[in-house]
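Here's the structure, in structure tokens; my notes come after.
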Amino acid sequence: MKTIIEIRNLVKKFGDFSAVDNINLDIKEGEIFGLLGPNGAGKTTTISMILGIVKPSSGKILVYGIDNLKEREKIKHIVGLMTQETIVDSELTAYQNLEIAGRLYHISKNDIDAAIQLALEEAELTEFKDKKAGSFSGGMKRRLYLVKSMIQKPKVIILDEPTTGLDIQNRTQMWTRIKELNRKGITTILTTQYLEEADQLCNRIAIIDHGKIIALGTTSELKKMISKGQILEIITNKDSVSRIMDILESKFGLKSTAKEDKIESFVEKDEVETLSKVINTISKEKLPLISISLHLPTLDDVFIKLTGSSMRDTLGENKSDRSSVMLKR
Amino acid sequence: MFEIFGDILTLYKREMMIFKSHIKTNIARSIIFPLMIILVFGNLNSTSSNVGVAVVNYANNQQSMSFINSLSSGRAISVQEVTTQDDALTLLANSNVNAVIVILPTFPSTSSGNPSVVVYYSNFNSQATAAILPLIQSDAQKFGTATSNQNYPAQQKQPATTSIIPLYGTSSSYKIFLVGGVIAMVAAFGTIFGGGMSIITDRELGYLKSFLIAPINKNAIVISKIFSGVTQSFLYIIIALLIGIMDGATIAMGWIGILWIIALGLLISFGFAGITTVLASRITRIEIYTITANIIVMPLWFLSGAFFPTSSLPSFMVPFSVYNPMTYATQGIRDVMIIGYYPISQMVMDVSVLIGFLAFGIIASILLFKNYID
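First to last, the sequence lines map onto chains E and G.
Okay, so the first sequence: first residue is 1 according to the numbering used here, each after it adds one.
Okay, so the second sequence: first residue is 330 according to the numbering used here, each after it adds one.
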């Protein structure tokens, strides 16, 4: 696959603080590339630099071989952005919203109506085209916004947390749309708060923390990277938690953590018998066992292990993070 | 190169569509202020007196009392009763009053050849005198008596009581005085709290980013905001002017005056539109913007003489009024309404100060905004 975005030694400093610290990244044509990281890790700054709205302190970004500092205009036609906030004017109708967007991308007068109609069809909003966007449901607005961000038919679309705040149905719908875009050959860069979303959609994932890429690969590569072992999860009743933890420690040498009635432990060596041995020991002691499982780490585990923080913990800070990037300069 | 005009037009169209969808609220909001100020304050004050007149009543009868009452009621005359003619003429000579009315003992006399009211006036303040003489005359005629007017030389000394006359105008209507001030006010406020202010919400909600990632000239964003603010001001100027005219304000310059008033109002709103974008590109929260904008615009407005003549300000505050672009808009609009074709030098002064302010506002906003987004 052809590399279409090349990021080389990218650095962005706000005063003494390095928001992006020497990032190198290749994004290939037609893939869905996930960019994950806790808040303030440098995702938004990186995206803003790809779009050419934030100037890098040093380093280089080539999009389809075009230097985005030298030919910003061209890049803007190639790269689209859909942000976490739904940016449609609620006072304007769906048609007017698309018309304004189309004109800002200098679509010629002859083509603009066709482009808008096509976009409306894609968003399944043709029958609502003369209704004000303010009267739309969250999902409709989101669909309108997606086609609006792609009115110039970009080759690359950056989706900055595309499903944040959507309910399950709308989220699944959005996933289908993202997959559709991908089938059409549009390269997608995705940031998300939901790791299962990245797990589902992304071909490759980069995890950013403190402005550096700390891991890069497919989801299974990432999972294997953090451990060759598996996670043992036991659910029992509260009273027996401490005794089971003692048993795991003394008989199997497993350190474990407990939360309410759940015990988690990490099994480094992938022994087939561990699970059955543990079950046997616990039942011999006549301790209650509601559920027990041994599984591969999830992307959440990878994330927490690598960055030392959980994404969702800091969900609320996201907005200030975004505006601070705009403000700090 | 010329794409910027298309971009400005597109963004301006968006601004206007948003404005239009809130048109009722916007107009209601813009009407309430001028309506209240013009109707309440303009009319509240309509019976107050401005031109000082000394009255010597030698007749001292029922009719002469009611003559004095009719002089002082509901008109521009402030009556001061004096016992002797000599005292009254001293007041006139010192320019403490504009005229002296002597009511002779024969009042009311119906004989036309023998006036029983003598009016002494000075030429020191000819505008005021010209305004009150017919008033005195018509009042005297109600009692069937004639008046005799005599010019009396006044000493050239600035009289405290008459200095305000040319400011309020010969018709001495505070309403017209006020309408000029209110038009300048709605022009400034229309842009301060419209147009460029939306940069803050656009940034907060992400719209600004969506403009910035589009291949447009960034200056188009600022310029379209400035024009949208000025358009809103234009609407408010028209509304304030209509309210004023319907309430009885007159324009001395006539129909051309309307164009002049609008032009002066637009000049000041362009300037403030620039200031608005400068502020809005630096301030991130709408609450803080509102406070800051009020802190800036309230004193400017207050010291511009919108409500009272700037000459009545204490001397230490006069510089604040002189170095205040709003003073020139208020003054200009008021002169058009009260004096008509006001002295050309004053006109040149007003217009050039406003153009200077406009240029400053627009250049600063473009430079600072560019600086801010790069």
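Built from N, CA and C at the ideal position, the CB exists for glycine as well.
Quantities reported herein were computed from a predicted structural model and do not represent experimental measurements.
Where Gln409 (chain G) falls: helix, strand or coil (DSSP): strand
In chain E, which residues lie less than 8 Å from Thr339 (chain G) when you measure between Cβ atoms? Ile100, Arg103 and Leu104
Grouping DSSP H, G and I as helix and E and B as strand, with all else coil, what is His77 (chain E)? helix
How would you label Lys349 (chain G), buried or exposed, when you count the other beta carbons within 10 angstroms and need 16 or more for buried? exposed
With H, G and I counted as helix, E and B as strand and the rest as coil, what does DSSP make of Leu125 (chain E)? coil
To which residues of the same chain is Glu410 (chain G) closer than 6 Å at the C-beta, ignoring the five residues directly before and after it? Val384
Which residue wins for smallest C-alpha separation from Asn97 (chain E), given the options G:Ile555, G:His351, G:Ile347 and G:Ser477? G:Ile347
With respect to the beta strand (DSSP E) encompassing Gln230 (chain E), which residues constitute its N-terminal and C-terminal limits? Gln230 to Ile235
Taking DSSP as the reference, what is the three-state secondary structure of Pro495 (chain G)? Residue placement at Pro495 (chain G) is flagged as unreliable, the pLDDT there being 41, under the threshold of 50; the coordinate-derived value follows with that caveat. Pro495 (chain G) falls in the helix class under three-state DSSP.
CA nearest to the CA of Thr530 (chain G), picked from G:Gly634, G:Arg614, G:Leu596 and G:Val369: G:Arg614
Report the option in E:Val11, E:Leu25 and E:Pro38 whose CA atom is closest to the CA atom of Phe303 (chain E). E:Pro38
Which residues mark the beginning and the end of the alpha helix (DSSP H) in which Phe348 (chain G) is found? Glu332 to Ser350
Report the residues of the region 66 to 93 of chain E with a CB closer than 7 Å to any CB of chain G, ordered along the chain. Glu73, Lys76, His77, Leu81, Thr83, Glu85, Ile87, Asp89, Glu91 and Leu92
Do you know whose CA, among E:Lys286, E:Tyr95, E:Glu196 and E:Ala115, lies nearest Lys129 (chain E)'s CA? E:Tyr95
Considering only DSSP beta bridges, list what Ala383 (chain G) is partnered with. G:Gln409 and G:Val429
Quick one: which chain G residues come within Cβ less than 7 Å of Ile336 (chain E)? Summary: the structure shown does not reach residue 336 (chain E), with chain E confined to residues 1 through 329, and so no result is reported for it.
Residue from G:Asp336, G:Ala581 and G:Thr520 whose Cα sits closest to the Cα of Leu662 (chain G): First, the residue type needs correcting, since residue 662 (chain G) is Ile and not Leu in the sequence shown. If we check each option's Cα against that of Ile662 (chain G), G:Ala581 comes out closest.
Tell me where the alpha helix (DSSP H) around Ser401 (chain G) begins and ends. Gln391 to Ser401
So if DSSP puts Gln479 (chain G) in a beta bridge, which residue, or which two residues, is it bridged to? G:Tyr449
What residue does the alpha helix (DSSP H) around Ile667 (chain G) start on, and which one ends it? Pro654 to Ile667
Just to confirm, are Ile465 (chain G) and Thr458 (chain G) a CB contact at a threshold of 8 Å? no
The region 532 to 547 of chain G: positions lying closer than 9 Å to chain E by Cβ: Arg532, Glu533, Leu534, Gly535, Tyr536, Leu537, Lys538, Ser539, Phe540, Leu541, Ile542, Ala543, Pro544 and Ile545
Which runs of the beta strand (DSSP E) fall wholly inside the region 252 to 316 of chain E and span at least 3 residues, in chain order? 256 to 259, 262 to 267 and 291 to 295
Going along chain G, which residues have a C-beta under 8 Å from Leu144 (chain E)? Result: empty, since nearest Cβ-Cβ is about 13 Å, beyond 8 Å.
Once the 5 residues before and after Asn280 (chain E) are set aside, which same chain residues still bring their CB inside 8 Å of it? none
Under a Cβ-count criterion, where at least 16 other Cβ atoms within 10 Å of its own Cβ denotes burial, should Pro154 (chain E) be classed as buried or exposed? buried
Classify Leu696 (chain G) as buried or exposed, calling it buried when 16 or more other Cβ atoms lie within 10 Å of its own Cβ. exposed
Between Lys212 (chain E) and Asp21 (chain E), is the Cβ-Cβ spacing less than 8 Å? yes
Please identify, using Cβ separations under 9 Å, the residues of the region 343 to 359 of chain G that lie next to chain E, in order along the chain. Arg343, Met346, Ile347, Phe348, Lys349, Ser350 and His351
Work out the CA separation of Ser220 (chain E) and Glu264 (chain E) for me, nearest whole Å. 21 Å
Please classify Ala578 (chain G) as buried or exposed, where buried requires at least 16 other C-beta atoms within 10 Å of its C-beta. buried
Rounded to whole angstroms, what's the CA-CA distance from Leu146 (chain E) to Arg358 (chain G)? Just pull it up for me. 36 Å
Are the C-beta atoms of Ile53 (chain E) and some chain G residue less than 8 Å apart? yes
Using three-state DSSP, classify Asp130 (chain E) as helix, strand or coil. coil
Compare the C-beta of Glu332 (chain G) with all C-beta atoms of chain E and state if any pair is closer than 8 Å. yes
Can you tell me where the alpha helix (DSSP H) holding Thr606 (chain G) begins and where it ends? Trp584 to Arg611
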